[in-house]
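Remarks on the structure that follows.
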Amino acid sequence: MPALSPSALRPVSTTPRPVALSATLAVNEALARRARAGLPVLPLGFGEAGIPIHPALITSLSEAADRGAYGPVAGSDELREAVAGYWTRRGLPTTPDRIVAGPGSKPLLFALLLALGGAVAVPAPSWVSYAAQAALLDHEAVMIATPPGEGGVPSPALLADACVRARAAGRPLHAVVVTLPDNPTGTLASTGTIQKLCEVARDNDLVIISDEIYRDLLHDPAQTVPSPALWAPERTVVSTALSKNLAAGGWRLGVVRLPEGPFGARLRDSLTGIASEIWSSAPAPVQHAAAFAFGEPPELVERIDLSRRLHASVVRAVADRFTAAGAKVPRPRGGFYLYPDLAPLGDRLRADHGVTTGAELTGLLLERYGVGVLPGSAFGDAPEALRMRVAPSLLYGADDEQRLAALESRDPASLPWIAAALDRLSEVLSDLTRDALEPLSEVC
Ligand SMILES: Cc1ncc(COP(=O)(O)O)c(C=O)c1O
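Per the UniProt record's numbering, the very first residue in the sequence shown carries number 1; after that it's consecutive.
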């Protein structure tokens, strides 16, 4: 073929829709640049579970590596039966026809927002992608403050007010999202709050989307998640995935449990229609491994128990370091995040560093100390809030050997690599709030 002459090329005038890189991925890239330049880093920004894939899952995935066909849009019978059993064992009786699987819960949530249409209420703060997905669909995301200490759920009273205002403005809310337990705060809403939320949802005809991806990582194994599906089964969609409890985010497998009754059936048709036009089906070999996982064999139950213990222990150790430095930290109850508030140190931070916003604070932590955390504003907090999301799971180890040791340890915070990172954090926090700045030793 003859070479194309440059004069044959014409500039393309179409402007692609500008979409910012998710804040989590952006901080990761900044840290990677610093690490490549040989500068110290403390990666506390990325929401990855930080533990290896269990060998039994790898075996199950390989067993199905020869499955090349697309398969049913909603997911294989084998997977949907296993997922129905998983939710039934959690007090939510479920039949397989109410399950839809997809390549991660993120695209399933996007498809749900697309199917439901209209404005959606989301907690402030909340996981970065709810509002971002609504914006991609040109749907309004109404951010609603959470009750104190109960992240992941819009205050029911404020939600009721927002419904009235939205109706008056001619843009009624169609849905509300809750995260149980929560990302970014690590807290868990109370049963009473969820029951009130269900009443408000019923009074205002809202669909409830209950993101329960961290459900199995509640730090206290005796505690249970107050799923709105218990009190509003006709209007609650529940989602989960393999990404957090089994650290298989890269395998891209999520599932939703649709409501009972005629609305659930209509939503299933809409969701599978959308899925058929976008991803066709979740990857067949991964569905096989997911069916194994949702069947909850003893070795995976044990693995989740160990990860719960590890997350709880390290999150608490990090929370203690922030508390010792003068921050306020709502007690994390599940998952692997904490959400310290540095407001008590606000005067000092303004006087010494000119910091007046959460983004300036996290920018300073990144540029000066190589500490990667996300400002509360990335989750819908007010810009001046000095809150940040801290995700310590990448401290578990630099390789699988260290990560497995962390998983097996009764006191992971005392392992040398985790203890060094915790000490570095304390050093940074005390330096940040000290009058005269002295250079820090470069420890990690
Ligand atoms: C609250 C919450 N929901 C959903 C997701 C999406 O997970 P996935 O698409 O891997 O299922 C995440 C991932 O960070 C999350 O934190």
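Even for Gly, the Cβ is constructed at its ideal location relative to N, Cα and C. Quick caveat: nothing in here was measured; it's all calculated off a predicted structure.
Using a Cβ-based criterion (distance less than 6 Å to any ligand heavy atom), does residue i qualify as near ligand 1?
| i | result |
| --- | --- |
| Ser307 | no |
Could you round the C-beta distance between residue i and residue j to whole angstroms and report it? I think they count as a contact, below 8 Å.
| i | j | result |
| --- | --- | --- |
| Pro259 | Thr193 | The Cβ separation is near 20 Å, so there is no contact. |
| Val225 | Glu234 | So it is not a contact: roughly 19 Å between Cβ atoms. |
| Gly380 | Arg34 | At roughly 27 Å, the Cβ-Cβ gap does not stay under 8 Å, so Gly380 and Arg34 are not in contact. |
| Val178 | Val142 | Wrong, their Cβ atoms sit about 14 Å apart, outside the cutoff. |
| Ala391 | Leu25 | Wrong, their Cβ atoms sit about 13 Å apart, outside the cutoff. |
| Ser22 | Ser126 | Contact flag wrong, Cβ pair sits at about 14 Å. |
| Val207 | His174 | 6 Å |
| Tyr337 | Pro184 | 5 Å |
| Ser210 | Gly104 | Contact doesn't hold; Cβ gap of about 17 Å is too wide. |
| Pro375 | Thr362 | 4 Å |
| Leu108 | Ala289 | Contact flag wrong, Cβ pair sits at about 18 Å. |
| Leu113 | Val120 | 6 Å |
| Ser377 | Ala359 | 6 Å |
| His219 | Arg308 | 6 Å |
| Ala291 | Glu78 | 4 Å |
| Leu429 | Arg321 | 7 Å |
| Arg403 | Gly50 | 7 Å |
| Gly85 | Gly295 | 7 Å |
| Tyr339 | Arg266 | The pair is not a contact, with the Cβ atoms about 37 Å apart (cut-off 8 Å). |
| Pro332 | Thr187 | 7 Å |
Please state whether DSSP places residue i in a helix, a strand or coil.
| i | result |
| --- | --- |
| Val27 | helix |
| Asp205 | coil |
| Asp182 | coil |
| Ala436 | Confidence at Ala436 is low in this model, with a pLDDT of 38, below 50, so its placement is unreliable and no value can be given for it. |
| Ile99 | strand |
| Ser441 | In this predicted model, Ser441 has a pLDDT of only 45, less than 50, meaning its place in the structure is not dependable enough to derive any value. |
| Ile418 | helix |
| Val73 | coil |
| Leu218 | strand |
| Val19 | coil |
| Ala189 | coil |
| Leu365 | helix |
| Ser62 | helix |
| Ile144 | strand |
| Arg89 | helix |
| Val153 | coil |
| Pro125 | coil |
| Ala166 | helix |
| Val237 | strand |
| Val225 | coil |
| Arg257 | strand |
| Ser7 | helix |
| Ser105 | helix |
| Val390 | strand |
| Pro2 | coil |
| Pro43 | strand |
| Asp423 | helix |
| residue 451 | Outside the displayed range of the chain (1 to 444) lies residue 451, so it cannot be described from this structure. |
| Leu429 | helix |
| Ala132 | helix |
| Val120 | strand |
| Asp411 | coil |
| Gly250 | helix |
| Val12 | coil |
| Pro262 | helix |
| Pro55 | helix |
| Asp138 | coil |
| Gly376 | helix |
| Arg399 | According to the sequence shown, residue 399 is Asp rather than Arg. Coil. |
Fully enclosed by the stretch 268 to 355, which alpha helix (DSSP H) runs are 4 residues long or longer? Annotation: the stretch 268 to 355 contains the following complete segments of the alpha helix (DSSP H) (minimum length 4 residues), in chain order: 284 to 294, 298 to 324 and 346 to 353.
By C-beta, the residues closer than 6 Å to any heavy atom of ligand 1, given in chain order: Those satisfying the condition are, in chain order, Gly47, Gly104, Ser105, Lys106, Trp127, Thr179, Asn183, Asp211, Ile213, Ala241, Ser243, Gly249 and Gly254.
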